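For the sequence shown, our numbering gives the first residue as 411, with consecutive numbering after it.
Glycine residues also receive a C-beta, built at the ideal position from the N, C-alpha and C atoms.
These figures come from a predicted structure and were not determined experimentally.
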Amino acid sequence: MKIRDIVTLDNDEDYVVASKVTTQMNVFYYLTNLREPTDMIVCREDQGELEEIIDPRVVSKLIPLFFENSKDILGEAD
Numbered sequence: 411m412k413i414r415d416i417v418t419l420d421n422d423e424d425y426v427v428a429s430k431v432t433t434q435m436n437v438f439y440y441l442t443n444l445r446e447p448t449d450m451i452v453c454r455e456d457q458g459e460l461e462e463i464i465d466p467r468v469v470s471k472l473i474p475l476f477f478e479n480s481k482d483i484l485g486e487a488d
């Protein structure tokens, strides 16, 4: 998946890939619900499936990485 791709999750809601981080041989995604922007999900790709990350310790470590990645992407758009 790429940034700005739209995915439909098992809850039948559409999310946009807001950020993507590759670390420790894992790919993590920060997804934002298209209809409800306060509905955000952090997930990991596992054999082509998305697995939601619910451990707050892991999420808190990933959020700064997503932010840095987003800054880089926005800088490229200038």
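Mind checking who residue i pairs with in its DSSP beta bridge?
i           : result
residue 454 : 438 and 461
Ordered along the chain, which non-local residues of its own chain (more than five positions away) have a Cβ less than 6 Å from that of residue i?
i           : result
residue 415 : 427
residue 412 : none
residue 422 : none
Between the C-alpha atoms of residue i and residue j, what's the straight-line distance to the nearest angstrom?
i           : j           : result
residue 454 : residue 468 : 11 Å
residue 474 : residue 431 : 10 Å
residue 446 : residue 438 : 21 Å
residue 434 : residue 462 : 17 Å
Which residues in the same chain have their Cβ closer than 7 Å to the Cβ of residue i, if we skip the five residues on either side of it in sequence?
i           : result
residue 418 : 424
Decide if residue i is buried, meaning its Cβ has at least 16 other Cβ atoms within 10 Å, or exposed.
i           : result
residue 451 : buried
residue 444 : exposed
Measure the beta-carbon distance from residue i to residue j and round it to whole angstroms, keeping in mind my assumption that it falls under 8 Å.
i           : j           : result
residue 429 : residue 480 : 5 Å
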